[in-house]
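Just below is one structure, and these are the notes that go with it.
Protein chains: 2
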Amino acid sequence: MSGSRGARDGQEYSLLLDDQLCFALYAASRAVTQRYRPLLDDLGLTYPQYLVLLVLWEYGSVPIKEIGAALQLDYGTLTPLIKRLEAAGLARRERRPDDERTVLVSLTDEGGDLRVRARAVPVAIGDAMGLSPEDHREAMRILRTLTAQVAASG
Amino acid sequence: MSGSRGARDGQEYSLLLDDQLCFALYAASRAVTQRYRPLLDDLGLTYPQYLVLLVLWEYGSVPIKEIGAALQLDYGTLTPLIKRLEAAGLARRERRPDDERTVLVSLTDEGGDLRVRARAVPVAIGDAMGLSPEDHREAMRILRTLTAQVAASG
DNA sequence: CACGATTACATTGTGCACAATCTAATCGCC
DNA sequence: GGCGATTAGATTGTGCACAATGTAATCGTG
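Residue numbers (the working numbering), protein chains in the order written: chain A, -18 to 135; chain B, -18 to 135.
The structure is reproduced here in structure tokens:
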């Protein structure tokens, strides 16, 4: 199991796959995304598209930059993604009149209506994760700490 | 088994981005991968390529199927990835003589040598995550629980 | 041994992620 | 008003992820 390896604060860092929190994180993230897939397929969405709609449902009309800030995604990801939402008739893109650099993304009626059908999604996912309320809270706390630390250490 | 959950035992599932553990997980995973990038760039690797090398360093000569089982990745991801490792001179691909269906992946000398330089990577990442030993253990436990539950609920 | 089923892998196509580079609109400052 | 710097966004290219489909080798059973 744990031999002589890099250590700090009594923690050991090996090159063994199963020892790595990073891999556990990466695997968990992909497993959850896969669990989302059949649910989101029914809505005609991918997981990142669903995330963009969460932002739009919450805030209404939003510049792409703010969507990127909320989701930590860049234009290279968002520009084509939002164009696909537009092609699907769920979102609209329009330049802000008083600043033509900014593209405001807003919901069509169809995109707004999807919110009702999406209500069941987080419930189903929360259920599938099968964590106790305490573990759920702990996971949120640790992941936020980790994300903040990792971002700050760059 | 823990039974049904939903909003039922005191947890609430909203459509608000910040409430969602799934998003925290997704964001944390990408943040960690980004933190890996500069470290792995020095080795000429991407994160998934690094994961494949972890498996090879640990087990030596491995069929693609087993690499996929260890990393939970399919052939569509692994076939081109391993071909890039081969093109970089780090890995070799050869058919198993007694079963020509199987492709055994093994390390070149150069791929083996990279292990020494990679030792510093998990240490740096563990350091950047900045979790206490207790939180680190808790995170591993919760993520494994979550991954197992989510996979089983499909 | 024949032959359908299975297995291991490859290929194709779509959609993220993200770095690097580019364009056009706006702002700051004189 | 003129002009360099900044800002918002688009584009291009590489590399995952993963579904769907295809192919060749092997196995199982009669």
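Just so you know, even glycine gets a beta-carbon here, dropped at the ideal spot from N, CA and C.
For the alpha helix (DSSP H) containing residue i, name the first residue and the last one.
{"i": "A:Thr89", "result": "Note, A:Thr89: premise wrong, no alpha helix (DSSP H); not H, not E."}
{"i": "B:Arg16", "result": "2 to 24"}
{"i": "B:Thr128", "result": "114 to 133"}
{"i": "A:Gln30", "result": "28 to 40"}
{"i": "B:Asp108", "result": "101 to 110"}
{"i": "B:Leu52", "result": "45 to 52"}
With a cut-off of 7 Å, does the C-beta of residue i fall near any C-beta of chain B?
{"i": "A:Gly(-13)", "result": "Low confidence applies here, because A:Gly(-13) scores a pLDDT of 41, under 50, leaving its location unreliable; read the following figure in that light. It does; some Cβ of chain B falls within 7 Å."}
{"i": "A:Val13", "result": "yes"}
Check the Cβ-Cβ distances between residue i and every residue of chain A, and say whether any is below 7 Å.
{"i": "B:Leu24", "result": "no"}
Under the rule that 16 or more other beta-carbon atoms within 10 Å means buried, what is residue i, buried or exposed?
{"i": "B:Tyr7", "result": "buried"}
{"i": "B:Pro114", "result": "exposed"}
{"i": "A:Pro103", "result": "buried"}
{"i": "A:Gly111", "result": "buried"}
{"i": "B:Gly135", "result": "exposed"}
{"i": "A:Gly57", "result": "exposed"}
What are the boundary residues of the beta strand (DSSP E) that includes residue i?
{"i": "A:Arg65", "result": "Unbroken run through A:Arg65 is the alpha helix (DSSP H), 56 to 68; no beta strand (DSSP E)."}
{"i": "A:Arg74", "result": "72 to 77"}
What does residue i reach in chain A if we use C-beta pairs closer than 7 Å?
{"i": "B:Glu119", "result": "Glu119, Ile123"}
{"i": "B:Ala68", "result": "Result: empty, since nearest Cβ-Cβ is about 23 Å, beyond 7 Å."}
{"i": "B:Thr58", "result": "Near B:Thr58 there are no residues of chain A at all, since even the closest Cβ is about 10 Å away, more than 7 Å."}
Ordered along the chain, which non-local residues of its own chain (more than five positions away) have a Cβ less than 6 Å from that of residue i?
{"i": "A:Tyr17", "result": "Tyr28"}
{"i": "B:Glu75", "result": "Leu85"}
{"i": "A:Gly92", "result": "Leu71, Ala72"}
{"i": "B:Ser42", "result": "Leu85, Ser87"}
What does residue i touch in chain B if you count any residue whose Cβ is under 9 Å from its own?
{"i": "A:Ser87", "result": "Within chain B, no residue comes near A:Ser87; the closest Cβ sits about 17 Å away, beyond 9 Å."}
{"i": "A:Ile106", "result": "Tyr(-6), Gln1, Leu2, Cys3, Val131"}
Got a sec? Which residues, its chain only, sit under 7 Å from residue i by beta carbon, not counting five neighbours each side?
{"i": "B:Leu66", "result": "Gln30, Val33, Ala72"}
{"i": "B:Trp38", "result": "Arg96"}
{"i": "A:Asp55", "result": "Gly49"}
Who are the Cβ neighbours of residue i in its own chain at under 8 Å, not counting the five residues just before and after it?
{"i": "A:Tyr40", "result": "Glu47"}
{"i": "B:Thr60", "result": "Ile45"}
Chain B partners of residue i, CB-CB under 8 Å?
{"i": "A:Ile48", "result": "Correct list: empty, because the minimum Cβ distance to chain B is about 10 Å."}
Please find out if some non-hydrogen atom of the ligand SAM comes closer than 6 Å to the beta-carbon of residue i.
{"i": "B:Leu59", "result": "In terms of ligand content, the structure shown is empty, and the ligand SAM therefore cannot be addressed."}
Using the beta-carbon of each residue, which ones in chain B are nearer than 7 Å to residue i?
{"i": "A:Ala8", "result": "Gln53, Thr128"}
{"i": "A:Glu39", "result": "Leu(-3), Leu(-2)"}
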